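Chemist: Here it is, the structure, as structure tokens.
In our numbering, the protein residues as written are 7 to 186.
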């Protein structure tokens, strides 16, 4: 009986790890302000959320680690979509707590010089509640769209990168159309 219960518990944990989950910050919450070391086209700078929000909505997407298969694929998808986000007045910023020593090269090679990527410290990961449960020193895969007034318009957590660009693009389009 205890083997059966252990098997059921293990299956439930495996399913939870692969299923979409609700993001920690909810629509309507105020996004925590932050400044983080970042890179764009291989050049270092300080990314400031408040400054980016003065230009329009921000697509803030957290990902586990630079130079991992899913994160590289996700960066390519966001790079391809960045011109459309820009036409809608949105800024894209990728943020990670994993392999932060490599974000300068990652911004050039995989973000294709189209959007910045920033290094998340433990405080930033905690403030957005995006701790990767399997590897707590990394961030999970959560995307947010944040309005210029710091309100969260969209929050989406899913370990699978597919769908994050579509979800955020739809939210930015809805915001621009005045529906949110």
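Here a beta-carbon is modelled for each residue, glycine too, at the ideal position from N, C-alpha and C. Since we're looking at a predicted model, the values are computed, not measured.
Among 114, 93, 138, 116, which has the Cα closest to the Cα of residue 103?
Modeler: As a position in the chain shown, residue 103 is number 97, starting the count at 1. Checked all of 114, 93, 138, 116; the closest Cα to residue 103 is 138.
Chemist: On the three-pair Cβ rule with 8 Å, is the region 72–92 touching the region 43–61?
Modeler: no
Chemist: Should residue 45 and residue 99 be called a contact, given that it needs their Cβ atoms to be closer than 8 Å?
Modeler: By 1-based counting over the chain shown, the position of residue 45 is 39. By 1-based counting over the chain shown, the position of residue 99 is 93. With contacts defined by Cβ atoms closer than 8 Å, residue 45 and residue 99 do not form a contacting pair.
Chemist: Suppose the cutoff is 8 Å on Cβ atoms and the five residues either side in sequence are ignored; what does the same chain contact list for residue 133 look like?
Modeler: Position 127 of the chain shown holds residue 133. Closer than 8 Å at the Cβ level, and outside the excluded window around residue 133, lie 38, 40.
Chemist: Using only the alpha-carbon positions, how far apart do residue 181 and residue 96 sit?
Modeler: Numbered from its first residue, the chain shown carries residue 181 at position 175. Numbered from its first residue, the chain shown carries residue 96 at position 90. Each residue's alpha carbon lies about 10 Å from the other.
Chemist: Over what stretch of residues does the alpha helix (DSSP H) that includes residue 59 continue unbroken?
Modeler: Here residue 59 corresponds to residue number 53 of the chain shown, with the count starting at 1. Run containing residue 59: 55–59, per the alpha helix (DSSP H) assignment.
Chemist: Would you call residue 86 buried or exposed, if buried means 16 or more other Cβ atoms sit within 10 Å of its Cβ?
Modeler: Your numbering for residue 86 matches position 80 in the chain shown. Exposed, since its Cβ has fewer than 16 Cβ neighbours within 10 Å.
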